[in-house]
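Asker: Below are the structure tokens for one structure; questions will follow.
Protein chains: 2
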Amino acid sequence: MLVNGLPSDVLSIADRGLLYGDGVFETILCEAGRPVLLAGHTQRLENGCKRLGLAKQELPTILADIREVARQDDCVVKVIITRGVRNRGYSFDKQDNTSTRIIYRDDLPGIPVDYYRQGISLTKCEYLLPDNKQLAGIKHLNHLDQVMARSEWGKEFQEGIMLANDGRVVEGTMTNVFIESNQQWITPKLENSGVLGVMRQWVMRNCFHAEIECVEKDIQLSELQNAQSIFVCNSVVGIWPVTKFEGKTYLVSKAVSTIMREANSSLTKLYPI
Amino acid sequence: MLVNGLPSDVLSIADRGLLYGDGVFETILCEAGRPVLLAGHTQRLENGCKRLGLAKQELPTILADIREVARQDDCVVKVIITRGVRNRGYSFDKQDNTSTRIIYRDDLPGIPVDYYRQGISLTKCEYLLPDNKQLAGIKHLNHLDQVMARSEWGKEFQEGIMLANDGRVVEGTMTNVFIESNQQWITPKLENSGVLGVMRQWVMRNCFHAEIECVEKDIQLSELQNAQSIFVCNSVVGIWPVTKFEGKTYLVSKAVSTIMREANSSLTKLYPI
Chain A
96 MLVNGLPSDV LSIADRGLLY GDGVFETILC EAGRPVLLAG HTQRLENGCK RLGLAKQELP
156 TILADIREVA RQDDCVVKVI ITRGVRNRGY SFDKQDNTST RIIYRDDLPG IPVDYYRQGI
216 SLTKCEYLLP DNKQLAGIKH LNHLDQVMAR SEWGKEFQEG IMLANDGRVV EGTMTNVFIE
276 SNQQWITPKL ENSGVLGVMR QWVMRNCFHA EIECVEKDIQ LSELQNAQSI FVCNSVVGIW
336 PVTKFEGKTY LVSKAVSTIM REANSSLTKL YPI
Chain B
96 MLVNGLPSDV LSIADRGLLY GDGVFETILC EAGRPVLLAG HTQRLENGCK RLGLAKQELP
156 TILADIREVA RQDDCVVKVI ITRGVRNRGY SFDKQDNTST RIIYRDDLPG IPVDYYRQGI
216 SLTKCEYLLP DNKQLAGIKH LNHLDQVMAR SEWGKEFQEG IMLANDGRVV EGTMTNVFIE
276 SNQQWITPKL ENSGVLGVMR QWVMRNCFHA EIECVEKDIQ LSELQNAQSI FVCNSVVGIW
336 PVTKFEGKTY LVSKAVSTIM REANSSLTKL YPI
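In order, the protein sequence lines correspond to chains A and B. Counting in the numbering used here, the first sequence runs from 96 upward without gaps. Counting in the numbering used here, the second sequence runs from 96 upward without gaps.
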């Protein structure tokens with residue numbers, strides 16, 4: 096663990112990351128020490144810092160930190176940037192470049208290979224994801240919505256889908272969602288809420304490998320239910336086909352198998368096929 | 096500073112309070128070591144823990160911690176309860192009572208007495224407060240909305256009012272708001288968003304001292320602009336009359352002066368009159 100480049104596993108209790116969730120984070124899969132999908136992570140981190148007015152980060156410094164904690168191992172590295180320790184209160188001095196850079200290492204999540212081969216069970220969360228255009232897309236430290244949504248079930252499902260107030264499908268608690276319908280992949284637009292996933296971006300850019308086009312548009316719950324196939328993805332777990340949702344079963348489509356093989360061969364062998 | 100009852104000014108970087116803002120807090124004014132409006136703070140804290148499924152806290156333990164850090168001084172004590180260090184991911188074991196209890200002391204904010212006697216300048220935040228019934232009322236650690244709203248101005252205003260998406264007035268970035276209109280005090284209902292302020296509750300229960308009735312109802316921006324008088328309040332600063340808002344000036348009404356005197360005499364001399 097590194098805090099501002101120095102070995103540490105603690106943080107000041109006056110840090111705004113704790114007090115207000117005033118910061119952003121990335122969770123990066125590393126294969127033999129190599130960060131997977133690094134450019135997507137660093138771009139989102141930079142964009143998040145910019146939108147929240149956090150100090151601009153030196154990417155080579157972050158990368159050096161990641162390599163130091165990952166060593167040559169397969170692991171997950173979490174990068175957290177907060178606005179650091181400041182005066183009390185919500186206000187902050189825009190000229191002050193104080194920030195806290197936390198880099199910490201975790202084991203691989205140890206996901207059963209069945210999740211990839213047989214697919215997962217998806218549930219629908221009762222907890223609704225509030226619309227908030229102002230913070231939509233970035234991966235900030237305010238994640239109580241996801242914590243509360245995830246608390247609705249135990250181990251009987253592998254992921255839960257979150258809807259907006261008006262019933263639109265937005266995302267999973269920790270993944271983005273895609274449906275296959277009329278030879279297209281459709282993933283929800285995330286202008287009003289949700290996190291612009293790095294794996295979501297990769298799928299959108301690489302869907303041509305599966306000879307399918309991919310569009311972003313609003314999805315209603317009925318479209319999710321009536322989809323030909325469904326998958327969820329994030330950069331740590333890769334792609335999980337969904338084979339059960341709300342009492343219906345779904346097949347793992349040929350296109351989904353193809354994109355999973357592509358992710359395995361071009362991104363990392365840590366995504367099983 | 097105390098973390099789980101032991102002297103410390105740091106927290107594990109794996110604490111869910113940092114990772115997700117998974118916790119609640121209270122900021123308590125202490126006069127000569129005595130916590131002001133203590134019952135209101137502890138009730139909101141208990142209610143917040145219950146709604147988020149945080150471990151039930153022992154109030155005598157928290158109170159002992161507060162007294163220890165406050166000593167016999169005039170100061171502000173912040174109490175933070177988080178879900179502590181757990182496994183990775185949003186899920187948490189509901190049988191696990193792990194939590195982190197952080198108690199830390201700050202100096203008094205040192206507010207100019209003019210804010211009470213001449214009143215403050217209020218601005219309107221462009222940043223809209225998202226509706227979220229599911230977390231409305233409690234004082235949780237997800238406060239990026241307030242940080243972003245507060246970043247819209249510097250020292251030219253003392254507080255900013257936040258509106259909901261539909262234009263309703265909700266609250267200040269750090270205070271609740273009341274308007275005086277037709278011999279009534281009106282404060283926004285906080286069913287969809289906002290924090291149920293301890294001072295707001297006290298004002299509602301004690302308005303009879305000012306021979307005025309107080310109602311909770313939706314307020315539009317035009318009603319705020321056309322109010323006979325406006326005040327904002329929280330338990331740390333007490334009551335601030337608003338005398339400037341959007342180019343208009345407002346008087347400190349007789350009823351507001353009366354409730355400020357009542358707060359000073361029955362709650363704490365730290366609220367100036």
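The beta-carbon is built from N, C-alpha and C at its ideal position, and this holds for glycine as well.
Counting only beta-carbon separations shorter than 9 Å, does R300/B have a partner in chain A?
Answerer: Sequence index remark: in the second sequence, residue 300/B carries index 205 (1-based). Not one chain A Cβ lies under 9 Å of R300/B.
Asker: Measuring only the C-alpha atoms, how far is E275/B from S317/B?
Answerer: As a first step, residue 275/B must be located in the second sequence, where it is residue number 180. As a first step, residue 317/B must be located in the second sequence, where it is residue number 222. Using only the alpha carbons, I get a separation of about 13 Å.
Asker: Determine the DSSP secondary structure at D117/A, reduced to helix, strand or coil.
Answerer: As a working note, residue 117/A is residue 22 in the first sequence. In the structure shown, D117/A sits in coil (DSSP, three-state: anything other than H, G, I, E or B).
Asker: If contact is defined by three or more beta carbon pairs under 8 Å, each pair taking one atom from either stretch, is the stretch 151-167 of chain B in contact with the stretch 264-279 of chain B?
Answerer: No, because fewer than three Cβ pairs between the stretch 264-279 of chain B and the stretch 151-167 of chain B fall closer than 8 Å, the two stretches do not touch.
Asker: Where C125/A and C328/A are concerned, what is the direct C-alpha to C-alpha distance, given to the nearest angstrom?
Answerer: Sequence index remark: in the first sequence, residue 125/A carries index 30 (1-based). Sequence index remark: in the first sequence, residue 328/A carries index 233 (1-based). Rounded to whole angstroms, C125/A to C328/A spans 17 Å at the Cα level.
Asker: What residues in its chain sit with their C-beta under 7 Å from that of A358/B, if we drop five residues either side in the sequence?
Answerer: Your numbering for residue 358/B matches position 263 in the second sequence. Once the five neighbours on either side are set aside, the close Cβ partners of A358/B are G333, I334 and Y366.
Asker: Between which two residues does the alpha helix (DSSP H) carrying Q279/B extend?
Answerer: What you label residue 279/B is simply residue 184 of the second sequence in a count that begins at 1. Note, Q279/B: premise wrong, no alpha helix (DSSP H); beta strand (DSSP E) at Q279 to T282.
Asker: Helix or strand or just coil, what does DSSP make of W335/B?
Answerer: As a position in the second sequence, residue 335/B is number 240, starting the count at 1. Three-state result, W335/B: strand.
Asker: Give me the chain A residues within the contact set of Y384/B, using Cβ-Cβ distance strictly less than 7 Å, ordered along the chain.
Answerer: Residue 384/B cannot be examined here, being either before or after the span of chain B that is shown, 96 to 368.
Asker: Give me, in chain order, the residues of the same chain whose beta-carbon lies closer than 7 Å to that of P221/B; leave out the 5 immediate sequence neighbours on both sides.
Answerer: As a position in the second sequence, residue 221/B is number 126, starting the count at 1. Contrary to the premise, residue 221/B reads as Glu rather than Pro in this sequence. So the qualifying residues of the chain are E247.
Asker: Please name the residues in the stretch 229-253 of chain A whose beta-carbon is closer than 7 Å to at least one beta-carbon of chain B, in chain order.
Answerer: Cβ contacts with chain B come from Q229, L230, H235, L236, N237, H238, L239, Q241, V242, M243, R245 and S246.
Asker: Nearest by alpha-carbon distance to L158/B: which of A134/B, K145/B and L362/B is it?
Answerer: Locating residue 158/B in the second sequence gives position 63, where the first residue counts as 1. Out of A134/B, K145/B and L362/B, A134/B has the C-alpha closest to the C-alpha of L158/B.
Asker: What in chain A is Cβ-close to P225/B, meaning under 7 Å?
Answerer: Looking up residue 225/B in the second sequence gives position 130. Result: P225, D226 and N227.
Asker: Going along the chain, which unbroken runs of the beta strand (DSSP E) with 3 or more residues stay wholly within the stretch 138-188 of chain B?
Answerer: DSSP runs (the beta strand (DSSP E)) wholly in the stretch 138-188 of chain B: 170-177.
Asker: Please list, in chain order, the residues of the stretch 115-143 of chain B that have any C-beta partner in chain A closer than 8 Å.
Answerer: Taking 8 Å as the Cβ-Cβ cut-off against chain A, the residues of the stretch 115-143 of chain B that qualify are Y115, G116, D117 and F120.
Asker: Quick check on T122/A: does DSSP put it in helix, strand or coil?
Answerer: Residue 122/A sits at position 27 when you count from the first residue of the first sequence. If DSSP states are grouped into helix, strand and coil, T122/A belongs with the strands.
Asker: Below 7 Å on C-beta distance, what does M294/A contact in chain B?
Answerer: On the first sequence, residue 294/A is found 199 positions in, with the first residue counted as 1. What M294/A touches in chain B: nothing, since even the nearest Cβ is about 16 Å away.
Asker: How would you list, in chain order, the residues of chain B whose beta-carbon sits under 8 Å from the beta-carbon of D160/A?
Answerer: Looking up residue 160/A in the first sequence gives position 65. By Cβ distance, chain B contributes nothing, its closest Cβ being about 13 Å from D160/A, past 8 Å.
Asker: Tell me the rounded alpha-carbon separation between S194/B and S348/B.
Answerer: In the second sequence, counting from the first residue as 1, residue 194/B sits at position 99. In the second sequence, counting from the first residue as 1, residue 348/B sits at position 253. Cα-Cα distance, rounded: 45 Å.
Asker: Contact check, I176/B vs G232/B under 8 Å by CB: the rounded distance?
Answerer: Within the second sequence, the letter at position 81 stands for residue 176/B. Within the second sequence, the letter at position 137 stands for residue 232/B. Not confirmed; about 16 Å, so no contact.
Asker: Please list, in chain order, the chain A residues whose beta carbon lies closer than 8 Å to that of D201/B.
Answerer: In the second sequence, residue 201/B corresponds to position 106, counting from 1. By Cβ distance, chain A contributes R183.
Asker: Contact criterion: CB-CB distance below 9 Å. Does A165/B meet it with respect to chain A?
Answerer: Along the second sequence, one-based indexing puts residue 165/B at 70. It does not; no Cβ of chain A falls within 9 Å.
Asker: Using the C-alpha atoms, what's the distance from R146/A back to R139/A?
Answerer: As a first step, residue 139/A is located in the first sequence; it is residue number 44 there, counting from the start. As a first step, residue 146/A is located in the first sequence; it is residue number 51 there, counting from the start. Roughly 10 Å separates the two Cα atoms.
Asker: Throw me the rounded Cβ distance for the V293/B and F326/B pair, which I believe falls under 8 Å.
Answerer: The sequence position of residue 293/B within the second sequence is 198, counting from 1. The sequence position of residue 326/B within the second sequence is 231, counting from 1. Wrong, their Cβ atoms sit about 16 Å apart, outside the cutoff.
Asker: Verify whether the separation of the beta carbon atoms of N227/B and P336/A is less than 9 Å.
Answerer: Counting from 1 along the second sequence, the entry for residue 227/B is found at position 132. Counting from 1 along the first sequence, the entry for residue 336/A is found at position 241. Cβ atoms of N227/B and P336/A: not closer than 9 Å.
Asker: If you check the beta carbons only, do G214/B and Y345/B fall under 9 Å apart?
Answerer: The residue labelled residue 214/B in the question sits at position 119 within the second sequence. The residue labelled residue 345/B in the question sits at position 250 within the second sequence. In this structure, Y345/B lies closer than 9 Å to G214/B by Cβ.
Asker: Please state if the CB of E254/A and the CB of T218/A are separated by a distance shorter than 9 Å.
Answerer: Against the first sequence, residue 218/A aligns to sequence position 123. Against the first sequence, residue 254/A aligns to sequence position 159. In contact: T218/A and E254/A (Cβ atoms closer than 9 Å).
Asker: Pop quiz: C302/A and I354/A are said to be a contact at Cβ under 8 Å. What is the actual Cβ separation, rounded to whole angstroms?
Answerer: By one-based count along the first sequence, residue 302/A stands at place 207. By one-based count along the first sequence, residue 354/A stands at place 259. Confirmed, about 7 Å.
Asker: Keeping to the same chain, check which residues put their C-beta closer than 7 Å to that of E286/B; ignore five residues upstream and five downstream.
Answerer: Working through the second sequence from its first residue, we reach residue 286/B at position 191. Taken in chain order, the residues that qualify are K228 and A231.
Asker: Have a look at T338/A and N321/A and give me their C-alpha separation to the nearest angstrom.
Answerer: For the purposes of this step, residue 338/A is taken as residue 243 along the first sequence, with counting starting at 1. For the purposes of this step, residue 321/A is taken as residue 226 along the first sequence, with counting starting at 1. Roughly 13 Å between the two C-alpha positions.
Asker: Just the C-alpha distance for R183/A and I197/B, rounded to the nearest angstrom, thanks.
Answerer: Reading the first sequence from its first residue, position 88 is the one you call residue 183/A. Reading the second sequence from its first residue, position 102 is the one you call residue 197/B. Each residue's alpha carbon lies about 16 Å from the other.
Asker: Does C220/B come out as helix, strand or coil in the three-state DSSP assignment?
Answerer: Taking the first residue of the second sequence as position 1, residue 220/B is located at position 125. Residue state, collapsed to three classes: coil.
Asker: Whose C-beta lies closer than 6 Å to the C-beta of T211/B among residues of the same chain, with five residues either side of it excluded?
Answerer: Counting from one through the second sequence, the residue named residue 211/B turns up at place 116. In the sequence as displayed, the identity of residue 211/B is Tyr instead of Thr. Correct list, in chain order: P367.
Asker: Could you check how far apart the C-beta atoms of N237/B and G342/B are, in whole angstroms? I think they sit under 8 Å.
Answerer: In the second sequence, residue 237/B corresponds to position 142, counting from 1. In the second sequence, residue 342/B corresponds to position 247, counting from 1. Not really, about 33 Å apart at Cβ, beyond 8 Å.
Asker: Determine the burial state of G249/B: buried for a count of at least 16 other Cβ atoms within 10 Å of its Cβ, exposed for fewer.
Answerer: If you number the second sequence from 1, residue 249/B lands on position 154. That one is exposed.
Asker: Using a C-beta to C-beta distance shorter than 9 Å, which residues of chain B count as neighbours of F187/A?
Answerer: Locating residue 187/A in the first sequence gives position 92, where the first residue counts as 1. V242, R245 and S246, listed in chain order.
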